[in-house]
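Notes follow the structure.
Residue numbers (the working numbering): -13 to 331.
Below, the structure is given as structure tokens:
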């Protein structure tokens, strides 16, 4: 794809998300989601390969079905109440349809199967866009209509997502699939707390975006597509290798790193609201996720590749991508925990 076309597609992608996030009318929100979907399809299929074509087709089918359900939900609500306002969703069938549609958009359990396959079939840059930017529009719709959605359904889907996200990533060897299951688990945490404390959901989303973007930038710098590739990262840059280890532990939610902040706040909120069993289940699911992050940190920093390795030695060329974003996001992902009192006021 030419740079001009790529720029147009990225601009349309950003415009679609911003239209959805700033609209109070269901039709405008739907138009933004459609713009968003139609502009990312060519980006996913830029690699002329069967895997990327398959990924683009799967993404299109799931997102088109979810958008149609959102439109259907808003039409039912407008038919029964006469209002197209996003915050005035009072019809029960509309609630159910909207919840399922947003779950499909966010790849929550039980409609999460498309995300690992789509991310595996696309490039690292596209995977970064799908796991970060593409979550903004659905999360903003949840934030706007949270008073009308079912707390029990959202908490159940969030709990299941955090468990399946931890479980699914255990036997993966591809770094993109590991990041996909990591995304499912993190969105499970956000969905669980969304109906109790939406502000914590937004804080969790911000931290998730920063840490995931930093991890993807590091993987792109090292060109690490599998766990075996990470064993040779130390030859390229020992300092960045150590930074990647800390980033992965922050994604896993270990104190005193930034990733611990949303998990701490969510568990505290759940216990305050007397959802003790839910908090215990979430904490156990965090351990599952932590296992595959620890496995990645182990292969990245604590193993020297044996002499008979099949992985090519990485030469220290000048990086193709600017590293400013990676450095700023990585620093925030590691050291923002002391800012928690300011963020939770």
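Beta carbons are placed, not taken as given, at the ideal position from N, Cα and C, and that holds for glycine.
Quantities reported herein were computed from a predicted structural model and do not represent experimental measurements.
- When the beta-carbon positions are compared, residue 92 and residue 55 stay at least 8 Å from each other.
- In the three-state reduction of the DSSP assignment, residue 98 falls in the coil class.
- Bounds of the alpha helix (DSSP H) holding residue 25 are 12 to 30.
- Taking C-beta atoms as the reference points, residue 22 and residue 89 fail to come closer than 8 Å.
- The DSSP-derived three-state label of residue 212 is strand.
- Between residue 112 and residue 217 the beta-carbon gap is near 25 Å, outside 8 Å, which marks them as no contact.
- In the DSSP assignment, residue 158 falls outside any alpha helix (DSSP H) and carries neither an H nor an E.
- Counting only runs that start and end inside the stretch 119 to 155, there is no beta strand (DSSP E) element of at least 3 residues.
- In chain order, 148, 151, 152, 275 place their CB closer than 6 Å to the CB of residue 171, counting only its own chain and leaving out the 5 sequence neighbours on each side.
- Apart from sequence neighbours up to five positions away, no residue of its chain approaches residue 188 with a beta-carbon distance below 6 Å.
- Contact between residue 169 and residue 237 is ruled out by a C-beta separation of about 10 Å, above the 8 Å threshold.
- For residue 315, the enclosing alpha helix (DSSP H) stretches over residues 310 to 321.
- Nearest in C-alpha terms to residue 18, of all of 49, 263, 227, is 49.
- Taking every protein chain shown into account, the CB of residue 219 has 16 or more other CB atoms within 10 angstroms, so this residue is buried.
- Taking the Cα positions, residue 74 is about 17 Å away from residue 137.
- Listed in chain order, the non-local C-beta contacts of residue 240 below 8 Å within the same chain comprise 246, 276, local neighbours out to five positions each way being set aside.
- A direct Cα-to-Cα measurement between residue 242 and residue 29 gives close to 37 Å.
- Beyond the five residues adjoining it in sequence on each side, residue 318 comes within less than 7 Å, by CB distance, of 196, 244 in the same chain, given in chain order.
- In terms of Cβ geometry, residue 104 and residue 116 form a close pair [threshold 8 Å].
- Non-local C-beta neighbours of residue 257 in its own chain, meaning closer than 8 Å and more than five positions away in sequence, comprise 265, ordered along the chain.
- Where residue 81 is concerned, the enclosing alpha helix (DSSP H) starts and stops at 78 to 92.
- With 16 or more neighbouring CB atoms inside 10 Å of its own CB, residue 162 falls in the buried class.
- Short of 8 Å from the beta carbon of residue 129, and not among the five residues preceding or following it, lie these beta carbons of its own chain, in chain order: 180, 184, 187, 188.
- CA-CA distance, residue 59 to residue 68, rounds to 13 Å.
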